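As given, the protein sequences belong to chains A and B, one line each in that order. The first sequence begins at 1 in my numbering and counts up one residue at a time. The second sequence begins at 1 in my numbering and counts up one residue at a time. Built from N, CA and C at the ideal position, the CB exists for glycine as well. Fair warning: this is a prediction, and the values are worked out from it, not measured in the lab. Have a look at the structure below before the remarks.
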Amino acid sequence: EPEVTQTPSHQVTQMGQEVILRCVPISNHLYFYWYRQILGQKVEFLVSFYNNEISEKSEIFDDQFSVERPDGSNFTLKIRSTKLEDSAMYFCASSEVGTGSDNEQFFGPGTRLTVL
Amino acid sequence: DQQVKQNSPSLSVQEGRISILNCDYTNSMFDYFLWYKKYPAEGPTFLISISSIKDKNEDGRFTVFLNKSAKHLSLHIVPSQPGDSAVYFCAARYLDSGNTPLVFGKGTRLSVIA
């Protein structure tokens, strides 16, 4: 069964450093998403991406964040200068379509980001 | 601002009994609701969904009920099995154009005791 994969599973970084989280969505999916979950809190939407551009972003997704689809398979989330409060589990998701009831989003296993 | 609320952080149920997980929402613009299950060290896995034009959707042991007037939905698992032990997230979204994001609740940890 096709699945969303994410690397690395755990990333430890120093405050102020740049990190890139990588995702390989399901191959025939066209819509991509990043969500995060701070420990003990709910899963929160960050950004959605379609046709090589951002479709929607939340207020969390400020200028420190960027997304990119550098090739036909990878979807990346970059945090330019990490802060302590960026420590969270980051989930990538993809869906085949963007609208309607068939828009089931499939999630990857997550990358745990720890900012020291 | 919690648009999707799961007020019970945890629930324990005996194997074979019914598990009922509840979810409330405040945004009347939501018209599609989903339940995801999450095991430790894994991402959320889609379980079942319901459109706002329905009040019930059933898939095997899982049934979701929607009460639009009360802005309330519930997930019933019958019979509960130890493998159902996981965190269950309620999520909601709009069925409009574009890839609409999911709005999640905080989750309810279900423990099914053998």
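Collapsed DSSP secondary structure at residue i in the structure displayed
i             : result
residue 21/B  : strand
residue 117/A : Coverage of chain A is limited to positions 1 through 116, which leaves residue 117/A absent and any answer about it impossible.
residue 62/A  : coil
residue 85/A  : helix
residue 31/B  : coil
residue 59/B  : strand
Beta-carbon contacts of residue i that lie in its chain and below 7 Å, excluding the five residues immediately before and after
i             : result
residue 35/A  : 43, 44, 45, 46, 91 and 93
residue 115/A : 13, 15, 82, 83, 84, 86 and 87
residue 8/A   : 111
residue 20/B  : 74 and 76
residue 64/A  : 79, 80 and 81
residue 104/A : 95
Residues bridged to residue i [DSSP beta-bridge criterion]
i             : result
residue 106/B : Looking at the DSSP assignment, residue 106/B forms no beta bridge with any residue, so it has no partner.
residue 14/B  : 113/B
residue 91/B  : 34/B and 104/B
residue 94/A  : 32/A and 106/A
residue 11/A  : 113/A
residue 47/B  : The partner list for residue 47/B (beta bridge, DSSP) is empty, contrary to what the question assumes.
residue 6/A   : 23/A
residue 67/B  : 72/B
residue 26/B  : Answer is none; residue 26/B lacks a bridge partner.
residue 6/B   : Beta-bridge pairing links residue 6/B to no other residue.
residue 48/A  : 33/A and 56/A
residue 78/A  : 20/A and 66/A
residue 43/A  : 37/A
Neighbourhood of residue i by C-beta, 6 Å cutoff - its chain only, sequence neighbours within 5 removed
i             : result
residue 66/B  : 50, 55 and 73
residue 96/A  : 29
residue 48/A  : 33, 55 and 56
residue 38/A  : 88
residue 109/B : 10 and 87
residue 16/B  : 79
Close-in-space but distant-in-sequence residues of the same chain around residue i (CB under 8 Å, 5 per side omitted)
i            : result
residue 19/A : 11, 13, 78, 79, 82 and 113
residue 14/B : 80, 112 and 113
residue 28/B : 71
residue 51/A : 30
residue 68/A : 75, 76 and 78
Contact with chain D by residue i, beta-carbon distance below 8 Å
i             : result
residue 102/B : Structure shown: chain D not included; protein chains present are A and B.
Could you list the residues in the stretch 21-48 of chain A with a C-beta less than 9 Å from some C-beta on chain B, going in chain order? 30, 31, 32, 33, 35, 37, 40, 41, 42, 43, 44, 45, 46, 47 and 48
Would you say the stretch 87-95 of chain B touches the stretch 34-51 of chain B, given that touching needs at least three Cβ pairs under 8 Å? yes
Using a Cβ-Cβ cut-off of less than 8 Å, list which residues of the stretch 40-57 of chain B approach chain A; keep chain order. 41, 42, 43, 44, 45, 46, 49 and 51
Cβ contact (3+ pairs, closer than 8 Å) linking the stretch 60-80 of chain A and the stretch 19-30 of chain A: yes
Please list the residues of the stretch 70-91 of chain B that have a C-beta atom closer than 9 Å to any C-beta atom in chain A, keeping them in chain order. 89 and 91
Evaluate the contact criterion for the stretch 1-15 of chain B versus the stretch 53-63 of chain A: three or more CB pairs, one atom per stretch, below 8 Å. no
Taking a Cβ distance cut-off of 8 Å, strictly less, list which residues of the stretch 51-84 of chain A are near chain B, in chain order. 55, 56 and 58
Name the residues in the stretch 10-42 of chain B whose C-beta lies less than 9 Å from a C-beta of chain A; which are they? 32, 34, 36, 38, 41 and 42
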